[in-house]
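Going by this note's numbering, the letters in the sequence shown line up with residues 2 to 334, in that order.
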Amino acid sequence: MIEEAVASLGEPRYRARQVYEAITRGLVTDFAAMTSLPVRLRAALAERLEPVALHEVETRVSRRGGARKTLFVTADGHLVEAVLMALPRRATVCVSSQVGCAVGCAFCASGRLGLRRDLTAEEMVDQVLAAERVLRPDGRRVTNVVVMGMGEPFHNYDETLRACRALNDPEGFGLAARAISISTAGVVPGIDRFAREPPQLNLAVSLHAGTDSLRDRLVPLNRRFPLDAVFAACARYVARTRRKLLFEYVVLAGVNDTPDQVRALAARLGHRLYHLNLIAYNETGGPFSRPRPGALEAFRGALDAAGVRCTVRRSPGDDIEAACGQLRNIRQD
Ligand code: SAH
Ligand code: SF4
2 MIEEAVASLG EPRYRARQVY EAITRGLVTD FAAMTSLPVR LRAALAERLE
52 PVALHEVETR VSRRGGARKT LFVTADGHLV EAVLMALPRR ATVCVSSQVG
102 CAVGCAFCAS GRLGLRRDLT AEEMVDQVLA AERVLRPDGR RVTNVVVMGM
152 GEPFHNYDET LRACRALNDP EGFGLAARAI SISTAGVVPG IDRFAREPPQ
202 LNLAVSLHAG TDSLRDRLVP LNRRFPLDAV FAACARYVAR TRRKLLFEYV
252 VLAGVNDTPD QVRALAARLG HRLYHLNLIA YNETGGPFSR PRPGALEAFR
302 GALDAAGVRC TVRRSPGDDI EAACGQLRNI RQD
């Protein structure tokens with residue numbers, strides 16, 4: 002888009018690169034501030050292009066844990082959110098890939114919304130640039146990006162990968178590929194495609210159950226891609242990439258933390274490159290509840306005893322509804 006606008010104005014190609022660098026490295030949000038360009042060109046571009054795709058509506062900052070959740074509005078009026086988790090050594094941005102989600106997981110606020118539309122790569126990159134703008138005055142920068150906000154990234158494969166490549170571009174934002182992770186609910190063709198992408202991007206698969214009967218209920222996509230198909234794709238992925246594969250598991254008290262799930266998970270998660278991340282459910286007003294700390298620890302211990310490599314992940318933003326889709330839904334109510 003930048004190239005086309007610059008070319009249509011009869012300007013040389015290097016001007017497009019200057020605009021791109023001003024946006025991705027200089028974090029400039031206004032053509033008027035692009036001082037490397039002639040004033041006349043700044044005005045002409047401002048008439049044709051918007052340097053930012055998302056505008057900030059509201060930000061909530063967590064009292065604990067350094068999470069900061071921002072709600073944005075797209076040019077066509079959709080609400081999108083991103084979370085910045087700034088820890089002492091890491092600053093991770095959790096990016097949304099769609100407005101809503103078609104998968105409709107039983108416990109997820111984004112799923113309840115249904116799918117409104119895919120986000121463009123520019124809209125995904127903008128979520129990261131906005132976080133970088135928050136960090137830069139403190140001399141910090143974004144160290145990691147996870148595509149784990151609203152939406153199923155492999156239902157929006159091309160734009161998600163275009164966003165990852167743009168973030169990785171050494172002449173642009175310049176984030177290492179190994180610092181970028183994509184989470185899927187188990188879209189098998191997406192996992193196979195992703196295995197053939199240039200190396201070092203990370204993959205996470207949201208599991209939430211070890212048996213098809215339970216996963217059919219929690220992740221409706223399981224009826225299309227059941228566990229055997231998902232794990233066959235995971236095996237192909239690790240065989241091809243030799244990369245570690247993370248499985249996400251939102252623990253729902255008394256639902257998916259039972260002994261039969263431990264047995265089923267142990268039977269599937271034996272590969273040395275597999276690792277299970279347990280996340281305590283953030284309550285979103287549905288029928289599920291968050292496990293008590295003791296119950297979560299007991300589940301982790303049982304998995305450990307059964308030979309599953311697993312870790313309990315903290316969720317720093319639970320006091321600001323930083324789980325998937327929550328802030329957006331509150332505003333819709
Ligand atoms: N659609 C993709 C990526 C976005 S969801 C996927 O499902 O993997 C990112 C993660 O947030 C998923 O593991 C999802 O299960 C989790 N999640 C959704 N709602 C949650 C909630 N209320 N509490 C905790 N985690 C939640
Ligand atoms: Fe969609 Fe992921 Fe939420 Fe499931 S958990 S509804 S796949 S965003």
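Beta carbons: idealized from backbone N, C-alpha and C, even for Gly.
Proximity test, residue i beta-carbon vs the ligand SAH heavy atom, cut-off 7 Å
i, result
"T185", "yes"
"G105", "no"
"G191", "no"
"T312", "no"
"M149", "yes"
"I3", "no"
"N223", "no"
"Y282", "yes"
"V251", "yes"
"G285", "Note that residue 285 is Thr in the sequence shown, not Gly. Correct: T285 has its Cβ closer than 7 Å to the ligand SAH."
"H209", "yes"
Opening and closing residue of the beta strand (DSSP E) in which residue i lies
i, result
"F73", "A68 to T75"
"V84", "L80 to A87"
"T139", "The sequence given here has Asp at residue 139, not Thr. Run containing D139: none; DSSP gives neither H nor E here."
"E1", "Nothing about residue 1 can be reported from this structure: the residues present for the chain run from 2 to 334 only."
"C311", "C311 to R314"
"Y282", "It is not in any beta strand (DSSP E) - Y282 carries neither H nor E in the DSSP assignment."
Continuous alpha helix (DSSP H) stretch holding residue i: start and end
i, result
"C235", "L228 to T242"
"Q128", "A122 to L136"
"T212", "Looking at the DSSP string, T212 is not in any alpha helix (DSSP H), and its letter there is neither H nor E."
"R117", "Taken as a continuous stretch (DSSP letters only), R117 belongs to no alpha helix (DSSP H), being part of the beta strand (DSSP E) at L116 to D119."
"G191", "V189 to A196"
"Y15", "R14 to T25"
"Q201", "Q201 -> no alpha helix (DSSP H), and no H or E assigned at all."
"E4", "I3 to S9"
"Y158", "Y158 to N169"
"A47", "V40 to R49"
"E298", "P294 to A306"
"V263", "P260 to R269"
Proximal residues to residue i (C-beta, below 6 Å), its chain only, five neighbours per side dropped
i, result
"L114", "G101"
"F155", "T185, V188 and G191"
"V231", "G187"
"L50", "A6"
"A236", "none"
"D217", "N223 and R224"
"L328", "In this prediction, L328 has a pLDDT of 49, which is less than 50 and means its spatial position is unreliable; what the coordinates show is noted afterwards. Counting only Cβ-Cβ distances below 6 Å, and skipping sequence neighbours, we find K70, L72, E82 and E322."
Nearest neighbour of residue i, chosen from the options [CA to CA]
i, options, result
"N239", "A268, Y275, P89 and G295", "For clarity, residue 239 is Val in the given sequence; the question names Asn instead. Ranking the options by Cα distance to V239, first place goes to Y275."
"C165", "P138, D193 and L130", "L130"
"D258", "P199, L215 and P221", "L215"
"V143", "F73, P89 and F289", "P89"
"A132", "L208, A205, L297 and V147", "V147"
"R301", "L116, S290 and R314", "R314"
"R117", "A103, P288, C235 and R91", "A103"
"A23", "E59, K70, R134 and R310", "R134"
"R244", "A76, P292 and A178", "A178"
"Y21", "P52, R241, R41 and V62", "P52"
"T161", "A34, A303, D119 and Q201", "D119"
Cβ-based neighbour list, residue i, same chain, cut-off 8 Å, excluding 5 preceding and 5 following
i, result
"A167", "T25, A122, V126, G173 and F174"
"A307", "V263, R264, L266 and A267"
"N203", "R179, I181, S182, I183, R244, K245 and L247"
Contact test: residue i Cβ vs the ligand SF4 heavy atom, cutoff 7 Å
i, result
"S9", "no"
"S111", "yes"
"S182", "no"
"V220", "yes"
"S290", "no"
"G152", "yes"
"C102", "yes"
Same chain only: Cβ atoms within 7 Å of residue i, ignoring 5 sequence neighbours per side
i, result
"D334", "With a pLDDT of 31 at D334, under the threshold of 50, the modelled position of this residue cannot be trusted, and the question is left open."
"V251", "F108, H209, I280 and Y282"
"V256", "F289"
"G326", "Because G326 carries a pLDDT of 47, less than 50, the predicted location of this residue cannot be relied on, and the following value inherits that uncertainty. The answer, listed in chain order, is C109, A110, S111, L114 and M151."
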